[in-house]
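Listed in order, the protein sequences are those of chains A and B. For the first sequence, our numbering gives the first residue as 1, with consecutive numbering after it. For the second sequence, our numbering gives the first residue as 1, with consecutive numbering after it. Where is the CB? At the ideal position from N, CA and C, for every residue including glycine. Bear in mind that the values here come from a model prediction, so they are computed numbers and not experimental data. Some notes on the structure that comes next.
Protein chains: 2
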Amino acid sequence: MLGGLRRRLASDSIPRQRIPQMTARTWTVAALVALSGGLALAQARGGKVLTKPLVLLSQGSFFVGGEKKTMPAPPGGRGGFGAGEITTNQMYVQYQVPERGDRHLPVVMVHGCCLSSKTWETTPDGRMGWDEYFVRRDRPVYLADQVARARSGFDPTVFNAVRAGTAPPSQLPNIIAASHQVAWSVFRFGPTYGTPFPDGQFPIEAVDELYKQMIPDLNAQLPSPNPTWRNMAALAVRLKGAILMGHSESGFFPQQAALLDPSGIRGLISIEMPCPELTAAQIASLATIPTLVMFGDHLDDVRDSGPANWAASLTGCEAYVRRVKEAGGDAELMYLPKMGIKGNSHMLMQDRNNLQLADLILGWIDTHVESVTRGARGRS
Amino acid sequence: MLGGLRRRLASDSIPRQRIPQMTARTWTVAALVALSGGLALAQARGGKVLTKPLVLLSQGSFFVGGEKKTMPAPPGGRGGFGAGEITTNQMYVQYQVPERGDRHLPVVMVHGCCLSSKTWETTPDGRMGWDEYFVRRDRPVYLADQVARARSGFDPTVFNAVRAGTAPPSQLPNIIAASHQVAWSVFRFGPTYGTPFPDGQFPIEAVDELYKQMIPDLNAQLPSPNPTWRNMAALAVRLKGAILMGHSESGFFPQQAALLDPSGIRGLISIEMPCPELTAAQIASLATIPTLVMFGDHLDDVRDSGPANWAASLTGCEAYVRRVKEAGGDAELMYLPKMGIKGNSHMLMQDRNNLQLADLILGWIDTHVESVTRGARGRS
Chain A
1 MLGGLRRRLA SDSIPRQRIP QMTARTWTVA ALVALSGGLA LAQARGGKVL
51 TKPLVLLSQG SFFVGGEKKT MPAPPGGRGG FGAGEITTNQ MYVQYQVPER
101 GDRHLPVVMV HGCCLSSKTW ETTPDGRMGW DEYFVRRDRP VYLADQVARA
151 RSGFDPTVFN AVRAGTAPPS QLPNIIAASH QVAWSVFRFG PTYGTPFPDG
201 QFPIEAVDEL YKQMIPDLNA QLPSPNPTWR NMAALAVRLK GAILMGHSES
251 GFFPQQAALL DPSGIRGLIS IEMPCPELTA AQIASLATIP TLVMFGDHLD
301 DVRDSGPANW AASLTGCEAY VRRVKEAGGD AELMYLPKMG IKGNSHMLMQ
351 DRNNLQLADL ILGWIDTHVE SVTRGARGRS
Chain B
1 MLGGLRRRLA SDSIPRQRIP QMTARTWTVA ALVALSGGLA LAQARGGKVL
51 TKPLVLLSQG SFFVGGEKKT MPAPPGGRGG FGAGEITTNQ MYVQYQVPER
101 GDRHLPVVMV HGCCLSSKTW ETTPDGRMGW DEYFVRRDRP VYLADQVARA
151 RSGFDPTVFN AVRAGTAPPS QLPNIIAASH QVAWSVFRFG PTYGTPFPDG
201 QFPIEAVDEL YKQMIPDLNA QLPSPNPTWR NMAALAVRLK GAILMGHSES
251 GFFPQQAALL DPSGIRGLIS IEMPCPELTA AQIASLATIP TLVMFGDHLD
301 DVRDSGPANW AASLTGCEAY VRRVKEAGGD AELMYLPKMG IKGNSHMLMQ
351 DRNNLQLADL ILGWIDTHVE SVTRGARGRS
């Protein structure tokens, strides 16, 4: 077995015949990406970071948080499903630890509105997502489905109560369901629905695959504060230190988690979100943790941007970053077009240059988080 | 890099310090399992199958199926979320292909009622699930979230229509929410709630972690036939041949998929489910594909078994297997207590002897599916 593996690695020939078609395409596209946006990286690493076999020390899944609550019996007992307890507010987490994961802090990725952890995985056009890329760059990666979403489940009690007539329809939560049209404008794929930006980085030919990722958002049913924030903070503690990353709806969740309990949180990464007004005390608290904010392109170029106003979000986050710095914190805002990186959509982690952007984030982690905390983490 | 990996593999020393606590426990428990139930296997493989680094050729996720439908605007346009198209009936699939995955058929695992693909992953007490174990036994593994569940999303239209008053509450689907009490009895953890079977294989000390996996089941909103069946058949075609495995609610889904399109399906594995009445033509069709059915223990030992009647399910499946055999098919029913394997719950893939049961399935695949189709699949 080990001999066979060594021969495989030595000859570096990966048999492809049993890899599904989509995956074969992944390799090809990933290689092309490595040859364009990530050329320097690819050369430095001998072009193998994306294509060599992936070696994991461990992987798995678990839950953080969750409370018991009593669920009334449905009318008539409905086939034996009587009253009883259920668990709600738990957060599902899936992780992978690479072979050299002991050298780096874990990165926790939390998706945005109307999406699941699928956000970070294989892109709609079949390229490698940030989840695997970060693992291949030696980071333990933890993907969390927000509470009330996807594998974290949601609380069905009120739905069945309305169905049974024991609660009025007005008690149903406002389920956010983003149509293709809303996604096109909020995610900034083009100026009007069906017309992409000529320089757009989103793989628009595969937009139908993105639409399949978009699932109902039941956050309106959650208590306050959002249990996902508490669970993210608890996960960071459990990992004995972690970097939290959010996107869009969850873009400020790392900060919200840190305001509840900063003890496990070593870095805050926020991708494209509104930055709320904070008190001086809150800013002072957040200023103890290195912060990165990233925004893409075309913030003001969508004709009817629906519920989003990204230009205003950028302005708000510029003010937030300025305040953190004034409070003595290490905060950076990467506004990509200003850095010469054009055409990025709201779905930065799925754009054609997604690995180039990942490299920016990894570089920021190395210089702003790990170079600072390395001593404290007691690595040998 | 490759040199480092070779040294790592050669010395077989896995640094543990950065592996999270739960995982460290996984290794320990897994090693204990290997030393008890799977002793012969562990000896044969030098005890390394569970603990050596996991080498993957590829991994990722994608969707199968999905159709567009028009969603009416919510009242008042609700913050820019107007009318538009959404995608429904898509099935989320997550996969891993191990380094020697080209030697074996892919295995597609589909979870049961009120659960997600979490079913097959890390067990509630932190041991290795079937997903990773099958990969470590050289099988490409595909986990599918059923349509209308978890990362596959669901159709929110009717919920928002009832909330808006444009549809009556009676149009809401019956969301199945299994309470802890229902799970305890249906999954056969003990004769009455809170009292486990003395010989029970389920890790009952971690039952709260199982309850967190239990999420609302919206299958009642699905069209007929269930789109998951069609998507499973399509996935098998896309993979150019696959073995389908279902459990409980989805236990007969492999057969339902095969009745729609058997062309990609090489094996049918059904874990603990009711077997429906079939016509002679249906039996004849299914008899062309090797079939394995598995049932655990204590089928008739739960005082109030709620909506399930496992003893009747076994009887029905015995009849099904007999009919398939009479039609010339290769079908086998593994009723575990009859084979001397005692105490298994309904959650066979999470029971303490889960890897022993996985070995039974892998052995069945090797002798009943792969030895037959090896030639036809053109492996070199």
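{"Check": "Whole-angstrom C-beta distance between M349 of chain A and G129 of chain A, which should lie under 8 Å", "Outcome": "7 Å"}
{"Check": "Burial state of G46 of chain B (16 or more Cβ within 10 Å)", "Outcome": "In this prediction, G46 of chain B scores a pLDDT of 43, lower than 50, which makes its location untrustworthy; the coordinate-derived value is nonetheless stated afterwards. So G46 of chain B ends up on the exposed side."}
{"Check": "Selected residue, minimal CA-CA separation from A327 of chain A, among A:A281, A:K342, A:G316, A:G241", "Outcome": "A:A281"}
{"Check": "Beta-carbon neighbours of I365 of chain A, restricted to chain B and to distances below 8 Å", "Outcome": "Per Cβ cutoff of 8 Å: no residues; I365 of chain A is ~16 Å from chain B at best."}
{"Check": "Under 8 Å by beta carbon: chain A residues contacting H180 of chain B", "Outcome": "K68, G84, E85, I86, T87"}
{"Check": "Extent of the continuous beta strand (DSSP E) run through M294 of chain B", "Outcome": "291 to 295"}
{"Check": "Neighbouring residues, chain A, relative to F154 of chain B (Cβ below 9 Å)", "Outcome": "I215, P216"}
{"Check": "Exposed unless 16 or more other CB atoms sit within 10 angstroms - verdict on T195 of chain A", "Outcome": "exposed"}
{"Check": "Local conformation of I265 of chain B per DSSP, three classes", "Outcome": "strand"}
{"Check": "C-beta atoms of I215 of chain B and C114 of chain B nearer than 9 Å", "Outcome": "yes"}
{"Check": "At least three beta-carbon pairs within less than 8 Å, the region 180 to 192 of chain B to the region 94 to 112 of chain B", "Outcome": "no"}
{"Check": "Inter-stretch contact at 8 Å, needing at least 3 Cβ pairs: the region 165 to 178 of chain A / the region 131 to 143 of chain A", "Outcome": "no"}
{"Check": "Chain B contacts made by the region 234 to 254 of chain A, where a contact means CB separation under 9 Å", "Outcome": "R238, L239, K240"}
{"Check": "Same chain only: Cβ atoms within 6 Å of A403 of chain A, ignoring 5 sequence neighbours per side", "Outcome": "Any question about residue 403 of chain A goes unanswered here, given that chain A covers just 1 to 380."}
{"Check": "Residue-level contact to chain A via CB, L57 of chain B, 9 Å cutoff", "Outcome": "yes"}
{"Check": "Reference A381 of chain B, options B:D217, B:F159, B:T166, closest by Cα", "Outcome": "Residue 381 of chain B lies beyond the residue range present for chain B, which begins at 1 and ends at 380; the question has no answer from this structure."}
{"Check": "Backbone CA spacing between I283 of chain B and Y211 of chain B [nearest angstrom]", "Outcome": "37 Å"}
{"Check": "Contacting residues, own chain, Cβ-Cβ under 6 Å from S313 of chain A (five flanking each side not counted)", "Outcome": "P274"}
{"Check": "Interface flag, Q356 of chain B vs chain A, CB-CB below 9 Å", "Outcome": "no"}
{"Check": "Rounded C-alpha distance that separates G296 of chain B from G101 of chain B", "Outcome": "29 Å"}
{"Check": "CB contact below 9 Å: L54 of chain B versus chain A", "Outcome": "yes"}
{"Check": "Pair within 9 Å by beta-carbon distance, S224 of chain B and L259 of chain B", "Outcome": "no"}
{"Check": "Closer than 8 Å at the beta carbon, the chain B residues around M71 of chain A", "Outcome": "A177, S179"}
{"Check": "Exposed unless 16 or more other CB atoms sit within 10 angstroms - verdict on M339 of chain B", "Outcome": "exposed"}
{"Check": "Alpha-carbon spacing of Q94 of chain B relative to K52 of chain B, whole angstroms", "Outcome": "22 Å"}
{"Check": "Residue span of the alpha helix (DSSP H) that contains T367 of chain A, given as start and end", "Outcome": "From DSSP, T367 of chain A is part of no alpha helix (DSSP H); its letter is neither H nor E."}
{"Check": "Cβ of S263 of chain B within 9 Å of any chain E Cβ", "Outcome": "Judged by its chain identifiers, the structure shown contains no chain E, and its protein chains are A and B."}
{"Check": "Burial state of T88 of chain B (16 or more Cβ within 10 Å)", "Outcome": "buried"}
{"Check": "As assigned by DSSP and simplified to three states, the class of S408 of chain B", "Outcome": "The displayed coordinates of chain B run from 1 to 380. Any statement about residue 408 of chain B would go beyond what the structure contains."}
{"Check": "Y320 of chain A - containing alpha helix (DSSP H), residue span", "Outcome": "310 to 326"}
{"Check": "Within 9 Å, strictly: CB atoms of G126 of chain B and F62 of chain A", "Outcome": "yes"}
{"Check": "Exposure label - E277 of chain A; buried when at least 16 CB within 10 Å", "Outcome": "exposed"}
{"Check": "In DSSP terms, what S185 of chain B is bridged to", "Outcome": "Answer by DSSP bridge pairing: none, since S185 of chain B is not bridged."}
{"Check": "Alpha carbon of D208 of chain A to alpha carbon of G251 of chain A, nearest angstrom", "Outcome": "24 Å"}
{"Check": "Cα-Cα separation between P307 of chain A and T288 of chain B, rounded to whole angstroms", "Outcome": "54 Å"}
{"Check": "Where P169 of chain B meets chain A, residues with beta-carbon distance less than 7 Å", "Outcome": "V162, R163, G165, P169"}
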